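Per our numbering, numbering through the sequence shown is continuous, rising by one, with the last residue being 1068. Beta carbons are placed, not taken as given, at the ideal position from N, Cα and C, and that holds for glycine. The model shown is predicted, which means the values in this text are computed figures rather than measured ones.
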Amino acid sequence: METTLYLPVKSFLERAGYTVKGEIGGCDLVGLSDGDPTVVVICELKLTFNLELILQAVDRATVCDEVWIAARISAKGRGREADKRYRDLCRRLGLGMLGVSDRGEVSVIVSSVSPMPRTNPKRRTRLVKEHRKREGDPSRGGSTRVPIMTAYRQQAIACAVALAGGPLRPRDLKQAVPTAGQILLNNYYGWFERIEKGVYGLTPAGLQVLESVAAEGATDPAG
């Protein structure tokens, strides 16, 4: 799975000075620099280098300063990373190529060209905001068929945890979750119910998600 590539590539980008988180705005990895202005780096993961990986990177190039593609390199040296045409295409598009060995070693096959042209500033701004609001790094890049732990979901879970002891008013949650009132009112996930005017409690779905979070928290290494 692509998630097996996530930690090696994350470590590679962190050594380059970026704060890296997975599954931000549909991107496998997003890295932000600490400087001003912020430099945004995106990397997309696949088990093998293919056309789909390049197409994803081209789409991401409109919202970042630097874009990379990463895949596992062929043990026999016969993969696309050995194809000069594929490497030249990446160079022409300004895409960087990273190869990941079976031992998790990351090598630069083609260097990324920076800065990339940015044509979607609104999407870029949403990407940066989500990265900064998200606590820790709860979702490994390349994950599929599992809910992405967005900043909003983290805040909703925090509300659910607070309500585990019994119904509360939004103002009782505001110190821990400043947006608690809106989250409880919107009830996007169906976890909350209004017990009486201005007082909220948990639905059976809310109780169930707390059980799931407790079980995942004991085993999830990505947080």
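Closest Cα partner of residue i within the set the options
i, options, result
"Ala1001", "Tyr1033, Thr970, Thr989, Asp933", "Tyr1033"
"Gly876", "Leu892, Phe857, Lys891", "Phe857"
"Val958", "Gly1046, Ser878, Cys935", "Cys935"
"Thr1048", "Pro1015, Gln1020, Leu1008", "Leu1008"
Proximity test, Cβ basis, 8 Å: residue i and chain B
i, result
"Phe857", "As a matter of chain content, chain B is missing from the structure shown, which is built from one protein chain."
One or two residues paired with residue i in a DSSP bridge
i, result
"Ile869", "Cys872"
"Leu943", "Ala915, Val953"
"Thr970", "Looking at the DSSP assignment, Thr970 forms no beta bridge with any residue, so it has no partner."
"Leu877", "Thr864, Val885"
Range of the contiguous alpha helix (DSSP H) that encloses residue i
i, result
"Arg932", "929-938"
"Leu1013", "Premise fails: Leu1013 is in no alpha helix (DSSP H) and is neither H nor E."
Residue i to residue j span [Cα, whole Å]
i, j, result
"Leu1013", "Trp913", "46 Å"
"Trp1036", "Leu852", "32 Å"
"Thr1064", "Val1054", "Because the pLDDT at Thr1064 is just 45, under 50, the model does not fix this residue reliably, and the value given afterwards should be weighed accordingly. Distance between the alpha carbons of Thr1064 and Val1054: 16 Å."
"Lys967", "Asp873", "19 Å"
"Gly941", "Val865", "17 Å"
"Arg948", "Ser956", "22 Å"
"Cys1004", "Gly871", "25 Å"
"Glu1056", "Tyr931", "47 Å"
"Lys855", "Gly862", "11 Å"
"Asp879", "Gly867", "17 Å"
Extent of the continuous beta strand (DSSP E) run through residue i
i, result
"Ser952", "951-955"
Task: In chain order, each beta strand (DSSP E) run of at least 3 residues that lies wholly inside the stretch 882-913 - done: 885-891
Task: 4-residue-minimum alpha helix (DSSP H) runs that sit fully inside the stretch 975-1058, ordered along the chain - done: 996-1008, 1015-1018, 1025-1031
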